[in-house]
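By my numbering, the letter at position 258 of the sequence shown is numbered 1465, and the numbering carries on one by one without gaps.
Here a beta-carbon is modelled for each residue, glycine too, at the ideal position from N, C-alpha and C.
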Amino acid sequence: MSAFVITGGYVLAPDMQLKRADVAVDSGIITQVGACQSAEQTIDAKNCIVMPGLINTHTHTPMTLLRGACENLMFEQWQECIWNKEAKITRSDVYLGSLLACVEMIKTGTTSFADVYIHMDRAASAIKESGLRGVLGWGIIEGFGEPLHEKLAHRRAFIRQYNNAADGRITTMYAPHSPSTCSMEALGLLSRMSEEDNVLVTIHLLETKKEAGALKRDNCHLQRLKDAGLLSRRLLAAHCVWANDEDIKILSQHGVSVAHNPISNMKLGVGTAPVTAMLREHINVCLGTDGASPGGSLDMFASMRTAALLIRDRGQDIHLQDILKMATVNGAVALGLLAGQIKKGFAADIILVDMKKPHLTGHNPLSALVYSATGSDVKTSMVGGEVLMEDYQIKKLDEEDVIERVQKWIDEFNCCSSG
């Protein structure tokens, strides 16, 4: 469908309030919100909330292959375990794991995501097939494989080949793993390269207490990133669990976006990010699931609920609208997307949430979205006006086949590992 109207639903407007309205879409763009003229093609949104597709600003899609592996470990032990397993991951494995992630994200309401891993050209192939929108970074860790300058040249080639691929649905970013796994030389070069190529940079930052303490002992903390020229609006910092008040002010002053990953942080026992302090300093806080191994799932509704509950558990206040913005508007800002809002001129990245469910019946639909809904309540999903799931049925990927292939891979992987 190139032109159609979504009718009969309640639209989550840019101010995060609900209003009865139709949404007209033409050539992948929202052209009108309100009372729309009748159209030959319509999508019935009766009993649904029509809202922006969710934006996952930090994940590692191929890690669906390692979901449930390396369980009951604290961060350092988990990381060692996972890296040992990831050393066996091949290019074809990355494609398969990314396919499963795309199926999961489509079914749970994510329409755009930031993805970092290895062999990202194969992830790009899966994402192209799926119809989703992805911002891809090929991870950079020094000390493994080729020398630094060869590694950076390879990443730049990937950046330039795949930026704006799949009719613009795929864009790219540089992805140094963390300040502790990349040298000052690497960070400085990446700052210059990202500016020259006009792309984002994403990095794991202040994820653990040990990392924060080590950086402070070396007197390099955020100063390393500042000296490298990386602190800017182009930077998306994942986690920032151990950011203190001074760190938060520095991040705010430089316009850095923060990808908050509440579930994986809890699962790995690294702590809870100071989200309300970041919001007070006007930091653009968005949400991520992390990979399916540390996070358990790619369900952004679970991330919204957990983020809200963690704040409330601290005795702090958070508005429902702020949580919804983290999963939509703020994510779009962080990734440089003209999406995340049901608004004229924005990409028609839209989901329909079926509210006619026992657990969603109540006084406050916004509260239901944040505290009660799950990804399985998403009925229909589209990216750029292309319907990827309709009435709970995925259109472009064979869900059953992908699941069977991944389960076969897991069985063979475990057999080889135990042998």
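Let me know if residue i comes out buried or exposed under the rule of 16 or more other beta-carbons within 10 Å of its beta-carbon.
i	result
Phe1627	An answer regarding residue 1627 cannot be provided, because it is not within the stretch 1208 to 1626 covered by the chain.
Asn1426	Note that Asn1426 has pLDDT 44, beneath the 50 cutoff, so the model's placement of it is unreliable and the number below is only indicative. By the 10 Å Cβ count, Asn1426 comes out exposed.
Phe1351	exposed
Asn1279	exposed
Lys1615	exposed
His1570	exposed
Ala1692	An answer regarding residue 1692 cannot be provided, because it is not within the stretch 1208 to 1626 covered by the chain.
Gln1224	exposed
Leu1545	exposed
Thr1568	exposed
Cys1622	exposed
Trp1290	exposed
Ala1364	exposed
Arg1367	exposed
Gly1275	exposed
Ser1398	buried
Gly1316	buried
Rounded to whole angstroms, how far is the Cβ of residue i from the Cβ of residue j, which I believe are closer than 8 Å?
i	j	result
Ala1515	Ile1525	6 Å
Lys1226	Val1218	6 Å
Ile1410	Ser1459	About 17 Å separates the two Cβ atoms, so there is no contact after all.
Leu1396	Arg1431	Not confirmed; about 14 Å, so no contact.
Leu1407	Leu1429	Actually they are not in contact, since the Cβ atoms of Leu1407 and Leu1429 sit about 18 Å apart, beyond 8 Å.
Gly1341	Asp1322	5 Å
Thr1496	Leu1486	At roughly 20 Å, the Cβ-Cβ gap does not stay under 8 Å, so Thr1496 and Leu1486 are not in contact.
Gly1522	Pro1259	About 30 Å separates the two Cβ atoms, so there is no contact after all.
Val1212	Ala1246	4 Å
Based on the DSSP secondary-structure assignment, which residues constitute the bridge partners of residue i?
i	result
Gly1341	Phe1320 and Ile1377
Ala1445	His1411 and Ala1466
Val1240	Val1230
Pro1259	Ile1557
Cys1623	In the DSSP output, where bridge partners are listed per residue, Cys1623 has none listed.
Val1594	Met1589
Pro1386	DSSP, once it has assigned bridges, lists no residue as partnering Pro1386.
Asp1454	Beta-bridge pairing links Asp1454 to no other residue.
Val1613	DSSP, once it has assigned bridges, lists no residue as partnering Val1613.
Ile1250	Ile1213
Gly1346	Ala1382
Val1218	Lys1226 and Val1257
Val1492	Val1465
Thr1266	Asp1322
Ala1372	Ile1377
Gln1600	Glu1597
Which same chain residues end up closer than 7 Å to residue i when comparing Cβ atoms and leaving out the 5 residues on each side of it in sequence?
i	result
Gly1476	Met1281 and Phe1282
Glu1607	none
Arg1362	Trp1345, Ile1347 and Tyr1381
Lys1602	Val1594, Leu1595 and Met1596
Asp1584	Val1560, Asp1561, Lys1564 and Leu1567
Val1301	Pro1269, Tyr1324, Ile1325, His1326, Arg1329 and Ala1330
Apart from the five residues just before and just after residue i, which ones in its own chain have a Cβ nearer than 6 Å to its Cβ?
i	result
Thr1271	Gly1304, Leu1307, Ala1308 and Ala1499
Lys1550	Pro1221
Ala1484	Ile1455
Val1609	Leu1306, Leu1307 and Val1310
Looking at the C-beta of residue i, does it have a partner C-beta in chain D at a distance below 8 Å?
i	result
Met1270	Of the chains in the structure shown, none is chain D; there is only one protein chain.
Got a sec? Which residues, its chain only, sit under 8 Å from residue i by beta carbon, not counting five neighbours each side?
i	result
Leu1604	Leu1306, Cys1309, Val1310, Ile1313, Glu1336 and Ser1337
Thr1249	Phe1211, Val1212, Ile1213 and Thr1214
Suppose only complete runs of 4+ residues qualify. What are the alpha helix (DSSP H) ranges in the region 1273-1308, listed by chain order?
1282-1293
Just list the alpha helix (DSSP H) runs in the region 1536-1591, keeping only unbroken ones of 4 residues or longer that don't cross its boundaries, in chain order.
1536-1542
Within the region 1470-1536, note down every full alpha helix (DSSP H) run reaching 4 residues or more, in order along the chain.
1482-1487, 1499-1502, 1507-1520 and 1527-1534
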